[in-house]
Amino acid sequence: MSLQVDAISVELGGRLVLHDVDLTVDASEQVGLIGPNGAGKTTLLRSLLGLLPLRSGAITINGRTPAEARGTIGYVPQRHEFVWDYPVDVRTAAMTGRTHHIGWLRRPRKADHAAIDQALERVDLTDLARRPIGELSGGQRQRVLVARALAVQPKLLLLDEPFTGLDVLTQEILTRLFKNLTAEGTAILMTTHDLPAAADTCSRLCLLNETVVADGPPDELRDPAVWLRAFGVARSEQLLHSLGVTR
Amino acid sequence: MIEFFTEPWQHVFMQRAFLVVLMSGVVCGVIGSHVALRGMAFIGDAVAHAVFPGIAIAFALQTSLVVGGIVAGLVTALAIAVVSQNRRLKEDTVIGVFFAAAFGLGIVVMSTAPGYGGSLESFLFGSVLGIGSADVITVAIAGAVLLLTTGVLHKEFVTIGLDRETARAVGLPIFWLDMAMYAMVTIAIVISIQAVGNILVLALLITPAACARLLTDRIGRMMLIAPAIGALSGLTGLYLSYAFNLAAGGLIVLTATAVFVACWVFAPRHGLLSHRRKIATAALPARP
Numbered sequence: 684m685s686l687q688v689d690a691i692s693v694e695l696g697g698r699l700v701l702h703d704v705d706l707t708v709d710a711s712e713q714v715g716l717i718g719p720n721g722a723g724k725t726t727l728l729r730s731l732l733g734l735l736p737l738r739s740g741a742i743t744i745n746g747r748t749p750a751e752a753r754g755t756i757g758y759v760p761q762r763h764e765f766v767w768d769y770p771v772d773v774r775t776a777a778m779t780g781r782t783h784h785i786g787w788l789r790r791p792r793k794a795d796h797a798a799i800d801q802a803l804e805r806v807d808l809t810d811l812a813r814r815p816i817g818e819l820s821g822g823q824r825q826r827v828l829v830a831r832a833l834a835v836q837p838k839l840l841l842l843d844e845p846f847t848g849l850d851v852l853t854q855e856i857l858t859r860l861f862k863n864l865t866a867e868g869t870a871i872l873m874t875t876h877d878l879p880a881a882a883d884t885c886s887r888l889c890l891l892n893e894t895v896v897a898d899g900p901p902d903e904l905r906d907p908a909v910w911l912r913a914f915g916v917a918r919s920e921q922l923l924h925s926l927g928v929t930r
Numbered sequence: 377m378i379e380f381f382t383e384p385w386q387h388v389f390m391q392r393a394f395l396v397v398l399m400s401g402v403v404c405g406v407i408g409s410h411v412a413l414r415g416m417a418f419i420g421d422a423v424a425h426a427v428f429p430g431i432a433i434a435f436a437l438q439t440s441l442v443v444g445g446i447v448a449g450l451v452t453a454l455a456i457a458v459v460s461q462n463r464r465l466k467e468d469t470v471i472g473v474f475f476a477a478a479f480g481l482g483i484v485v486m487s488t489a490p491g492y493g494g495s496l497e498s499f500l501f502g503s504v505l506g507i508g509s510a511d512v513i514t515v516a517i518a519g520a521v522l523l524l525t526t527g528v529l530h531k532e533f534v535t536i537g538l539d540r541e542t543a544r545a546v547g548l549p550i551f552w553l554d555m556a557m558y559a560m561v562t563i564a565i566v567i568s569i570q571a572v573g574n575i576l577v578l579a580l581l582i583t584p585a586a587c588a589r590l591l592t593d594r595i596g597r598m599m600l601i602a603p604a605i606g607a608l609s610g611l612t613g614l615y616l617s618y619a620f621n622l623a624a625g626g627l628i629v630l631t632a633t634a635v636f637v638a639c640w641v642f643a644p645r646h647g648l649l650s651h652r653r654k655i656a657t658a659a660l661p662a663r664p
């Protein structure tokens, strides 16, 4: 078991954003976290990282609490969370993923450089390693964030909207990468708005709207009522059609 | 001509002034690079004001001005960090409250000390020609500690500067690293106040870093260029001040500002002319 979430509730500024959320992600699984804006997807990811206190419930990551598991989780935030005009190159940006791993008063050693080489290779940025991050395209930026997350060779990878606004090349690179990572035993949990792509690439979908509305392989989520509950009526028809739930 | 450059060095007070200006320029350039990149200019301004009551109290008690300034700056920085945990108040609002309060306190304390007018002026506008040898040594030691600390915590500061949330997620103690940064900014400001004064010290911190940012896209080079510009502006300002008998602090800052304007116009990649050229090139019709 890589990730186990037991009945957690999370409060933000006095409002209950998540309640009674149950979720498991096993090794080699890629789970898509789907829900409308404000459903609590990012809040759930931040709770898994130990950045938010739980009002109730428990989170276990490879048998440890989120705080203890820090440094073994790869996190890819949304692209706008990152300061792209900061004057560093791609390689340095990826290396910041290992800062805590390297430790105080130390400089990166051979193993650290090797890990970054591999991470850049996996996202196909080796040739751009020395380019300032301010000069990158949106797709290249997304790959920098993924490389930074892979820098610690995580067993659990959390991604927030990794496919939003990407070029086709980057989508392909990332889709293939995630497939390879799960084959190697990594557990992946990603939020997404791109439902058809999620249904394509994820082994399981979890529909979230303050709590888990439905959870199962894409094929099993054929009941329109489930989607209506997660997304409300207005948006659902086109959505369901694109997923092939209704015709 | 050579005499123009060597003559000021014959006076002990000018030797001390040169050393302090040089060291302040280097230290502020390095620390200022982080300040500029993190958009902390307002915090720098706040700390510059916040050290005032400490210096005033130290003046009234006849103790070390540097120590008094550092203590007051740190107390204010801590107060800002703690009070801004309240999510209803934005950090810059809290800073606005505290730095004005600190400055008010400083003025009240200063007015209780007899003959405060002269020291107030030298505090506000600098007194680089009146620096004692003990001050030179204090600046040297404090500066060396600051440069060493910046080097040691470099990768942590870069990690936080790029992405605070993820830095926290991987387990970096953000609060303490922020406090360390505030402390370093405070010390850099206190040791530079003698050179350019309280009001102008912000320029020594921000302007060379802003020039360097225009000239490079690599933080390592930025932290070499900024201190070079800071030191060079300091020396140039001091020479001009000696030659024309004008206020040193003001001339140092104006020299740095002149460098900034030059960078803004002529910087090879990010300057005004370079942008114009890029736009002009892009507007050219494609050749068949």
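So the sequence lines, in the order shown, correspond to chains G and F. Residues in the first sequence are numbered consecutively from 684, following the numbering used here. Residues in the second sequence are numbered consecutively from 377, following the numbering used here. Where a beta carbon is used, it is the ideal one built from N, C-alpha and C, also for glycine. Model, not experiment: these values are computed from the prediction.
Could you name the residues of the same chain whose beta carbon sits closer than 7 angstroms to that of residue i, not counting the 5 residues immediately before and after it, in chain order?
i: GLY948/G; result: No answer is possible for residue 948/G: it lies beyond the span of chain G, which begins at 684 and ends at 930.
i: ILE563/F; result: ILE446, ALA518, LEU522
i: GLY848/G; result: GLY821
i: LEU648/F; result: TRP640, VAL641
i: ALA798/G; result: ARG781, ALA834, GLN836
For residue i, name the three-state secondary structure that DSSP assigns.
i: HIS646/F; result: coil
i: TYR769/G; result: coil
i: HIS387/F; result: coil
i: ILE507/F; result: coil
i: ILE744/G; result: strand
i: THR707/G; result: strand
i: PRO749/G; result: helix
i: PRO815/G; result: strand
i: ALA571/F; result: helix
i: LEU840/G; result: strand
i: THR514/F; result: helix
i: ALA834/G; result: coil
i: GLU893/G; result: coil
i: GLN797/G; result: In the sequence under discussion, the amino acid at residue 797/G is Ala, which differs from the Gln named in the question. Correct three-state label for ALA797/G: helix.
Tell me which same chain residues have a C-beta within less than 8 angstroms of the C-beta of residue i, skipping the five on either side of it?
i: ASP807/G; result: ARG826, ILE856
i: ALA722/G; result: LEU891, ASN892, GLU893, ALA913
i: ALA643/F; result: LEU590, LEU591, SER650
Between residue i and the rest of its own chain, which residues show a CB-CB distance below 6 angstroms, the 5 nearest in sequence each way excluded?
i: CYS404/F; result: ALA564, SER568, LEU580, LEU581, GLY606
i: VAL459/F; result: VAL470
i: LEU828/G; result: VAL759
i: GLY868/G; result: ALA710, SER711
i: ASP768/G; result: GLY817
Candidates the options: which alpha carbon is nearest residue i's?
i: ILE536/F; options: VAL388/F, LEU578/F, THR633/F, LEU413/F; result: LEU413/F
i: ASP511/F; options: ALA455/F, PHE479/F, ARG645/F, THR439/F; result: THR439/F
i: ILE513/F; options: MET560/F, TRP640/F, GLN391/F, PHE475/F; result: GLN391/F
i: ASP709/G; options: ALA866/G, GLU844/G, GLN854/G, VAL700/G; result: ALA866/G
i: THR775/G; options: ALA752/G, PRO760/G, ALA802/G; result: ALA802/G
i: PRO584/F; options: MET399/F, THR525/F, VAL572/F, MET599/F; result: MET599/F
i: ARG805/G; options: GLY696/G, LEU840/G, LEU860/G, LYS838/G; result: LEU860/G
i: ALA812/G; options: GLU694/G, VAL771/G, THR782/G, HIS702/G; result: VAL771/G
i: ASP554/F; options: PHE380/F, ARG540/F, VAL566/F; result: ARG540/F
i: PRO760/G; options: VAL504/F, VAL641/F, ALA658/F, VAL546/F; result: VAL546/F
i: THR542/F; options: THR869/G, THR809/G, GLY757/G; result: GLY757/G
i: VAL561/F; options: LEU627/F, GLY408/F, PHE479/F; result: GLY408/F
i: PHE479/F; options: PHE501/F, ASP468/F, ARG464/F, THR452/F; result: THR452/F
What's the gap between the Cα of residue i and the Cα of residue j?
i: SER609/F; j: PHE636/F; result: 11 angstroms
i: GLU712/G; j: LEU548/F; result: 29 angstroms
i: ARG652/F; j: ASP883/G; result: 46 angstroms
i: VAL484/F; j: PHE620/F; result: 36 angstroms
i: LEU888/G; j: PHE765/G; result: 27 angstroms
i: THR726/G; j: ALA477/F; result: 37 angstroms
i: TRP787/G; j: LEU611/F; result: 36 angstroms
i: ARG597/F; j: PRO791/G; result: 19 angstroms
i: ALA559/F; j: HIS425/F; result: 14 angstroms
i: ILE785/G; j: GLU532/F; result: 10 angstroms
i: PHE394/F; j: GLU694/G; result: 57 angstroms
i: PRO429/F; j: PHE381/F; result: 38 angstroms
i: LYS466/F; j: VAL406/F; result: 27 angstroms
i: ARG930/G; j: LEU878/G; result: Caution is warranted here: a pLDDT of 49 is assigned to ARG930/G, below 50, making its placement in the model unreliable, and no coordinate value can be reported.
i: THR526/F; j: ASP703/G; result: 45 angstroms
i: TRP385/F; j: LEU630/F; result: 22 angstroms
i: THR809/G; j: ARG824/G; result: 13 angstroms
Taking 7 angstroms as the line, does the beta carbon of residue i fall inside it for any heavy atom of the ligand ATP?
i: GLY754/G; result: Ligands are entirely absent from the displayed structure, and the ligand ATP is therefore not among its contents.
key: Residues in the region 544-568 of chain F having any Cβ partner in chain G nearer than 7 angstroms   = ARG544, ALA545, VAL546, GLY547, LEU548
query = Relative to chain F, which residues along the region 745-759 of chain G have a C-beta separation below 7 angstroms, given in chain order?
reply = ARG753, GLY754, TYR758
message = Under 8 angstroms, CB to CB, which of the residues in the region 687-702 of chain G have a partner in chain F?
response = GLY696
message = So if I threshold CB-CB distances at 8 angstroms, which residues from the region 398-419 of chain F count as touching chain G?
response = Going along the region 398-419 of chain F in chain order, one finds LEU413 with a Cβ nearer than 8 angstroms to chain G.
request  = Identify each residue in the region 521-544 of chain F for which the Cβ-Cβ distance to at least one residue of chain G is less than 8 angstroms, and report them in chain order.
outcome  = VAL528, LYS531, GLU532, VAL534, THR535, GLY537, LEU538, ASP539, GLU541, THR542, ALA543, ARG544
request  = With 8 angstroms as the limit, tell me which residues of the region 564-596 of chain F have their beta carbon closer than that to any beta carbon of chain G; keep them in chain order.
outcome  = Answer in chain order: ARG589, THR592, ASP593, ARG594, ILE595.
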